[in-house]
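Trainee: Reading the sequence shown from the start, the letters are residues 26 to 807 in the numbering used here.
We treat Cβ as the ideally placed atom computed from N, Cα and C, and that holds for glycine.
The structure follows.
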Amino acid sequence: MFETKYGYFSEDQNEYIIKIPKTPRPWVNIISNGDYGVAVSQNGSGYSWKTHASLNRINRWEQDIIKDEWGKYFYIKNNENDELFTPTFKPMCKKNIDYKIIHGFGYSKFLAENKDLKTELTLTVPKDSSLEIWMLKIKNKTKNKLNLSVFSYLEWNLGTAPDWHREFHKTFIDTYFMNDVIKAEKRMWDIPNENGEHWNRNWEYTAFNSVNEKTSSATSCKENFLGNFGSVSNPEGLKNKKLNNIFGKYQDSIASLHNEMIIDSDEEKILIYTIGLVEKNDTKEIDNIKKIYSTEKSVLNEIEKNKKMWKDIFEKNMVETPDIGFNLMNNKWLKYQAISGRLWGRTGYYQTGGAFGFRDQLQDSQIFLYVDPNKTAEQIKLHAKHQFIDGSVYHWWHPISEIGLKNNISDNRLWLAFITLRYLKETNNFNFLNEMVPYIDYEDESIYDHCIKAIKYNLSKLSSRGLPLIGSGDWNDGMSAVGTDGKGESIWLGHFLYGILNDFSYICNKQKDYENEDLFKKEALKLKNSINKYAWDGEWFIRAFKDDGKSIGSSKCSEGKIFLNAQTWAILNNSTTEERKEKAYESLKKYLFKEFGPLLFQPAYSKPDKEIGYLSRYAPGVRENGGLYTHAGTWGVLAACKMNDENSYKIYKSFMPVYRGMNPDKYFTEPYVTPGNVDGPDSPNFGRGGWSWYTGSASWYFITGMEGILGITPEWNGLKISPVMPKEWDKVFVKRYFRNCLYNINFIRSKNKKIIVNENEIDGNIINNENNEKTLNIFVYF
26 MFETKYGYFS EDQNEYIIKI PKTPRPWVNI ISNGDYGVAV SQNGSGYSWK THASLNRINR
86 WEQDIIKDEW GKYFYIKNNE NDELFTPTFK PMCKKNIDYK IIHGFGYSKF LAENKDLKTE
146 LTLTVPKDSS LEIWMLKIKN KTKNKLNLSV FSYLEWNLGT APDWHREFHK TFIDTYFMND
206 VIKAEKRMWD IPNENGEHWN RNWEYTAFNS VNEKTSSATS CKENFLGNFG SVSNPEGLKN
266 KKLNNIFGKY QDSIASLHNE MIIDSDEEKI LIYTIGLVEK NDTKEIDNIK KIYSTEKSVL
326 NEIEKNKKMW KDIFEKNMVE TPDIGFNLMN NKWLKYQAIS GRLWGRTGYY QTGGAFGFRD
386 QLQDSQIFLY VDPNKTAEQI KLHAKHQFID GSVYHWWHPI SEIGLKNNIS DNRLWLAFIT
446 LRYLKETNNF NFLNEMVPYI DYEDESIYDH CIKAIKYNLS KLSSRGLPLI GSGDWNDGMS
506 AVGTDGKGES IWLGHFLYGI LNDFSYICNK QKDYENEDLF KKEALKLKNS INKYAWDGEW
566 FIRAFKDDGK SIGSSKCSEG KIFLNAQTWA ILNNSTTEER KEKAYESLKK YLFKEFGPLL
626 FQPAYSKPDK EIGYLSRYAP GVRENGGLYT HAGTWGVLAA CKMNDENSYK IYKSFMPVYR
686 GMNPDKYFTE PYVTPGNVDG PDSPNFGRGG WSWYTGSASW YFITGMEGIL GITPEWNGLK
746 ISPVMPKEWD KVFVKRYFRN CLYNINFIRS KNKKIIVNEN EIDGNIINNE NNEKTLNIFV
806 YF
């Protein structure tokens, strides 16, 4: 399915199978159970963490997308001739070996075969434990017995990553070895202690690396394993019969376990390794883990648990359309990316994060509206706890340390209200607004109060013209210098705030808060008038005004003439006239909707502009400087659907990973997850993807498919049905849970437009389950 020279999807769409490991860039899996996680590439490289991928990293890993040679590796040595074999392509990159890699939901497999051996290395993270399991199967293909040694290898990090001053950090690590388990601790954690002191806090865990069979030797000494000038591709220490069994405080600490085995012809043997951590000195738990995961059955049981967990998540919302690529992405892979990579892991090969972005994970949590809205509610409450009493918020904060960055980026706080609105439209659970949550600097108040304060904070940051001040950036952090003097204005933020004011005035009315209802309605009208008075450029909306009053995103600009977001949100939030929406949309089609998706703006900046910020410092056409920024691109499709453009699906499909991945040497990134960006036409690599996995586009691309293309949109009074499907789609089925009711929605193309709910035709296109049915069978003739 969707096969290229590099790989294909399995028939059940649950796996992506990579046929050769030499993909254009690392093709990665992010495996997480919500707290512990592993990032692993098709090469077998990668890193592990608990809770925070940068503050609590277990093994060392250097970000090098080209070389991709840091990770946890296994070596198999023929003791008769010293020939080495690795079950993953890295680190040895051996030729004449058939490699196949399988990335699945909650696991990855690495299959390798040469003339003598066949191996299968399986990685998974148990659903409820802070560890990972590596199960290595080795089969003898020869007619003779094989005398083999197997070595594991990883470098301990134990805390903040990267440990950029290794000669400093290594002096705090201590290792032990007992009962075929290497244990490691660190006497320094590079985050402040309870007194605010740096470099004066213990790492609060004990890490371990175990194997289920009796070891022949082991070491924590990197020099013993690699040799003084050796490398992971040619470890000098493996020329010796044994490792040196050195542990303690005085090495550059690694973990390597050595097992010896005799394998008969056609026999298969299994080694099971665990890597993870426990609370400090909880050695009983380590022994228990080693015992639990000592058999193939126990490992396969954990994989099945993961498969069931993801199946349960996926099946809460399913689609069947004539386009299998649409089905594949929206039924499974987008949900997996948004949850495992973006919400649980918060990390990726291009951005090894770990923090919570105030706006970022709030937007990502929209994916849970379709599978478990309670988790969206939990996310809202978590973010509300990272708000200040005046309504301002952290831009991001670190779990574990709870250290956050408070800056003057102007859109962050509004996403709390935006996602709360989305949650309420989905669930109709207005009692949620009464839940009490503390501020960073004050006692508990209701979610409603938190949202009101966020909105009013933005209303206090308007210019003399009544336009929102951009501060040190709005949604686009790269516009970091537009408003540093406190005068720059954001027109995108005006459109965004206008929609929130209108929607939240409805909430105020429901709460009988008529004073704020009146305030928000009046402010919305004033804002709309200001936007249309000062920001209309004739064919489209200006994007922003600098501190000196000069415009960005205007026909008067030589570069950055037209920006995407200022047009899309004018359409989405109806903050202008129908005529202007039409003109703005025509401009989008003319200038920004390109072969590989909607560009963020055009033309790109050819040289840095210190009055705009680092956005202009990217190479032209790269990321935010005139490329497809996938997150914003999804809003472009939603705007197309709002304008009822018959080409909406063509625009949506133009940057769908499945189809872009059919030309992998141009696209570069994984065909099963969305990238953060794609190079624009000002780049010589027009169409090349980058920054995959850790991007807010996964959840939004899913929403665009469900609410834009399929047109199934939550509204205050029910579920609105307004599809913008391609002409070739005659029949579509959607399984959708909404307000505790299962909606089985059957779309049928017909000249006779109507909607039938449980055999009764309804007026209009909004389905309201007034009788609280458990199941609604719906036929939409469109």
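When you compare only the Cα positions, how much space is there between D153 and C246?
Mentor: 32 Å
Trainee: Report yes if the C-beta distance between L597 and N501 is below 8 Å; otherwise report no.
Mentor: It is not a contact, given that the beta carbons lie outside the stated cut-off.
Trainee: Roughly how far, in whole angstroms, is the beta-carbon of I495 from the beta-carbon of A442, given that I think they are within contact range, below 8 Å?
Mentor: The pair is not a contact, with the Cβ atoms about 19 Å apart (cut-off 8 Å).
Trainee: Skipping 5 residues on each side, what residues in its chain have a beta carbon closer than 7 Å to that of N84?
Mentor: Y72, S73, K97, L179, E180, W181 and N182
Trainee: Take P46 as the anchor and find which of V65, S256, E460 and P398 has the nearest alpha-carbon.
Mentor: Comparing alpha-carbon positions, the option among V65, S256, E460 and P398 lying closest to P46 turns out to be V65.
Trainee: With a CB to CB cut of under 6 Å and the five nearest residues on each side skipped, what residues in its chain are close to I158?
Mentor: T149, T299, Y318 and V324
Trainee: Counting contacts by CB-CB distance shorter than 8 Å, is N104 in contact with chain B?
Mentor: Considering every chain present, this structure includes no chain B. It has just one protein chain.
Trainee: Residues in its own chain within less than 7 Å of N145 by CB, not counting five upstream and five downstream?
Mentor: Reading off the sequence, residue 145 comes out as Glu, not Asn. Closer than 7 Å at the Cβ level, and outside the excluded window around E145, lie K134, L136 and K162.
Trainee: May I have a chain-ordered list of the alpha helix (DSSP H) segments no shorter than 4 residues that lie completely inside the stretch 270–326?
Mentor: 308–317
Trainee: Tell me where the alpha helix (DSSP H) around C582 begins and ends.
Mentor: Careful: C582 lies outside any alpha helix (DSSP H) and carries neither H nor E.
Trainee: For the putative contact between I444 and S390, defined by C-beta atoms under 8 Å, what is the C-beta separation to the nearest angstrom?
Mentor: 7 Å
Trainee: By Cβ distance, which residues of its chain are closer than 7 Å to N15, with the 5 residues on each side in sequence left out?
Mentor: Residue 15 lies beyond the residue range present for the chain, which begins at 26 and ends at 807; the question has no answer from this structure.
Trainee: Given T729, which residues of its chain have a CB within under 6 Å of its CB, disregarding the five upstream and five downstream residues?
Mentor: T659, V662 and L663
Trainee: Give me the residue from K166, I216, S497 and G373 with the minimum Cα distance to P51.
Mentor: G373
Trainee: Just curious, the beta strand (DSSP E) that A137 is in, first and last residue?
Mentor: Y132 to E138
Trainee: What is the residue span of the alpha helix (DSSP H) that E451 lies within?
Mentor: L439 to T452
Trainee: Where does the unbroken beta strand (DSSP E) through W159 begin, and where does it stop?
Mentor: L156 to N165
Trainee: Judging by CA-CA distance, which residue of R490, K553, G273 and F588 is the nearest neighbour of T8?
Mentor: Only positions 26 to 807 of the chain appear in this structure, which leaves residue 8 out of reach.
Trainee: Using DSSP with H/G/I as helix, E/B as strand and the rest coil, what is V683?
Mentor: helix
Trainee: Sorry if obvious, but does the Cβ on D510 come closer than 7 Å to a heavy atom of the ligand NAD?
Mentor: This structure does not include the ligand NAD; it has no bound ligands of any sort.
Trainee: Shortest alpha-carbon distance to I428 belongs to which of L439, D436, S435 and K410?
Mentor: Restricting attention to L439, D436, S435 and K410, the CA atom closest to the CA of I428 is found in K410.
Trainee: Taking contact to mean at least 3 C-beta pairs separated by less than 8 Å, is the stretch 353–372 in contact with the stretch 746–755?
Mentor: no
Trainee: Would a C-beta distance cut-off of 8 Å place S600 and I556 closer than the cut-off?
Mentor: In this structure, I556 lies closer than 8 Å to S600 by Cβ.
Trainee: Give the straight-line distance between the Cα atoms of A560 and S579, rounded to the nearest whole angstrom.
Mentor: Rounded to the nearest angstrom, the two C-alpha atoms are 9 Å apart.
Trainee: Leaving out five residues on either side along the sequence, give the residues of the same chain with a beta carbon under 6 Å from the beta carbon of W228.
Mentor: L183, G184, K211 and W214
Trainee: Just reading off the beta strand (DSSP E) that T11 is part of, what are its end residues?
Mentor: Here the chain covers residues 26 to 807 and nothing more, so residue 11 does not appear.
Trainee: Would you call M461 buried or exposed, if buried means 16 or more other Cβ atoms sit within 10 Å of its Cβ?
Mentor: exposed
Trainee: Measuring CB to CB, does V805 end up less than 8 Å from I746?
Mentor: yes
Trainee: Where does the unbroken alpha helix (DSSP H) through T655 begin, and where does it stop?
Mentor: T655 to K667
Trainee: Have a look at M286 and E87 and give me their C-alpha separation to the nearest angstrom.
Mentor: 33 Å
Trainee: Grab me the residues of I127's own chain with a C-beta within less than 6 Å of its C-beta, minus the 5 sequence neighbours each way, in chain order.
Mentor: E40, I42 and K134
Trainee: Which residue's Cα is closest to the Cα of N265: K315, G273, H283 and S258?
Mentor: H283
Trainee: Going by DSSP, what residue range makes up the beta strand (DSSP E) through R761?
Mentor: K756 to F763
Trainee: Run through the stretch 447–491 for me and flag every whole alpha helix (DSSP H) of 4 or more residues, listed as ranges in chain order.
Mentor: 472–484
Trainee: Figure out for me which residue from T76, S278, Y230 and L767 has the closest Cα to the Cα of L251.
Mentor: Out of T76, S278, Y230 and L767, S278 has the C-alpha closest to the C-alpha of L251.
Trainee: For Y178, list the residues DSSP reports as bridge partners.
Mentor: When DSSP reads this structure, Y178 sits in a beta bridge with Y98.
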